[in-house]
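See below for the structure under consideration.
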Amino acid sequence: MRHFLLTWLGTAVALFITANIVPGFIIKSFVAALVAAIVIGLVNAFIRPILRILTFPITLLTFGLFTLVINALTLWLASALTPGSGFEIKGFLPAFFGSIVLAIVSSIINYLLRVVE
């Protein structure tokens, strides 16, 4: 349970940092970041596997680079599923760059949390 809560908080912090770096990637409050972290987790758990199966041929042809597009689309979808929550992504490019920055920031935060734990 503690690991789950730390991961959830770490993801929310990563979202907050990403919103400060990427224009068009908006998180209005830390509560919005917490809600967004839950929605992103649910989208990644249920919808992303389906997208990965459906797009496997193009992912194979692009040597895995299409995975970046899938990450952006799932992030953008999570934003679309939470209107009025304070989590908003204004277009595909902010979602694309936001997914890259979010992956890097999340990796750093999760590494730091593992060291502290």
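Position in the sequence shown counted from 1, then plus 17, gives you the numbering used here.
Ideal Cβ placement from N, Cα and C applies to all residues, glycine included.
Checklist entry - Across which residues does DSSP place F42 in a beta bridge pair? => result I106
Next on the checklist: With the cut-off set at 8 Å, would you say I126 and V30 are in Cβ contact?
Outcome noted: yes
Checklist entry - DSSP on P66, reduced to helix/strand/coil? => result helix
Checklist entry - Quick one: what does DSSP say P74 is sitting in, helix, strand or coil? => result helix
Checklist entry - Alpha carbon to alpha carbon, how far is L46 from G103? => result First, the amino acid is wrong: residue 46 is Ser here, not Leu. S46 and G103: Cα-Cα distance of roughly 7 Å.
Next on the checklist: Less than 8 Å between the beta carbons of G27 and L98, yes or no?
Outcome noted: No, the Cβ-Cβ distance between G27 and L98 is not below 8 Å.
Checklist entry - Just curious, the alpha helix (DSSP H) that T84 is in, first and last residue? => result Boundaries of the alpha helix (DSSP H) around T84: 83-97.
Item to check | A50 versus I34 - alpha carbon distance | outcome: Near 10 Å, if we compare the C-alpha coordinates of I34 and A50.
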